[in-house]
Amino acid sequence: MSTDARAGLWAQIRADWHAHERDWTRPGFRALAVYRFGVWRMGIRPKPLRAPLSVLYRMAFRYVRNHYGIELPYSAEVGQGVVIEHQGGIVIHGNARIGDGCIIRQGVTLGNRRLDRPFDAPRLGRGVNVGAGAVVLGDVEVGDGAVIGANAVVLRSVPPHHLAVGVPATIKPLDE
Numbered sequence: 624m625s626t627d628a629r630a631g632l633w634a635q636i637r638a639d640w641h642a643h644e645r646d647w648t649r650p651g652f653r654a655l656a657v658y659r660f661g662v663w664r665m666g667i668r669p670k671p672l673r674a675p676l677s678v679l680y681r682m683a684f685r686y687v688r689n690h691y692g693i694e695l696p697y698s699a700e701v702g703q704g705v706v707i708e709h710q711g712g713i714v715i716h717g718n719a720r721i722g723d724g725c726i727i728r729q730g731v732t733l734g735n736r737r738l739d740r741p742f743d744a745p746r747l748g749r750g751v752n753v754g755a756g757a758v759v760l761g762d763v764e765v766g767d768g769a770v771i772g773a774n775a776v777v778l779r780s781v782p783p784h785h786l787a788v789g790v791p792a793t794i795k796p797l798d799e
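Residue numbers (my numbering): 624 to 799.
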């Protein structure tokens, strides 16, 4: 394990700490720290050295999932400065991509829509704001700066700087 790799992990965790208002007790920060550790440990070679870290990751992942209600697997792609605002009921698909500076609130689901296409997952651009209870399902792309309203069910792509509200979501420009 190189010093650069360790520095990279700590730099990412420090950036997440700053995004979470320098409060290490926030569940969203803790979930992201466990996620970053899970991604980092996959770079450890050879595999026998990775095994104890994998056990530690799985224990921490289960703790965050069961205690805080935030399911964020290491296989998802999460950008820098992402804020998980509140704990509870957050489920993120393992193939989901979340861009830099996104805000995710409680009760959000980013998942697949069809059982016969298990790898289809949402992709959030930069600066996307996802409201409480929102559901984004399937091979959906949410553009940069878009806003997904509380309890919206998004089943189709949202262009950049647009608002998605309702069930199923109606898409409107943010300027309206």
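Backbone N, C-alpha and C define an ideal beta-carbon position, used for all residues, glycine too.
Range covered by the alpha helix (DSSP H) that runs through residue i
i: P675; result: 670–686
i: A654; result: 650–664
Between the CA atoms of residue j and residue i - distance to the nearest angstrom
i: Y691; j: N752; result: 21 Å
i: V706; j: N774; result: 19 Å
i: A765; j: P782; result: The sequence given here places Val at residue 765; Ala does not occur at that position. Near 6 Å, if we compare the C-alpha coordinates of P782 and V765.
i: D627; j: A792; result: At D627, the pLDDT of 47 sits below 50, so the modelled position is not reliable and the matter cannot be decided from this model.
i: W647; j: D639; result: 9 Å
i: R649; j: P741; result: 31 Å
i: V788; j: S698; result: 29 Å
i: G631; j: V662; result: 11 Å
i: V657; j: E700; result: 13 Å
i: L672; j: R749; result: 35 Å
i: D743; j: P696; result: 15 Å
i: G702; j: V777; result: 21 Å
Residue environment, residue i, which counts as buried when at least 16 other CB atoms sit within 10 Å
i: E694; result: buried
i: R746; result: buried
i: A642; result: buried
Where the beta strand (DSSP E) through residue i begins and ends
i: A744; result: Premise fails: A744 is in no beta strand (DSSP E) and is neither H nor E.
i: L760; result: 758–760
i: I713; result: 713–715
i: I667; result: Taken as a continuous stretch (DSSP letters only), I667 belongs to no beta strand (DSSP E), as it is neither H nor E.
i: G734; result: 732–734
i: R788; result: A small fix is needed here, since residue 788 is Val in this sequence, not Arg. First-last of the beta strand (DSSP E) with V788: 785–788.
Same chain, Cβ closer than 8 Å to residue i, neighbours up to 5 away in sequence not counted
i: A755; result: H709, R728, Q729, G730, V731, A773, N774
i: V714; result: E694, V731, T732, L733, G734
Cβ shell of residue i (< 7 Å), same chain only, five flanking positions each side left out
i: L797; result: V770, H784, H785, L786
i: K795; result: H785, L786
i: G711; result: G692, Q729, G730
Same chain, Cβ closer than 6 Å to residue i, five either side skipped, listed in chain order
i: S780; result: V763, E764
i: G704; result: A642, D723, G724
Next on the checklist: Taking 8 Å as the cut-off, does the region 754–770 touch the region 676–686 (at least 3 CB pairs, one atom from each stretch)?
Outcome noted: No, the region 676–686 is not in contact with the region 754–770.
Checklist entry - Would you say the region 664–683 touches the region 713–721, given that touching needs at least three Cβ pairs under 8 Å? => result Verdict: no, contact absent.
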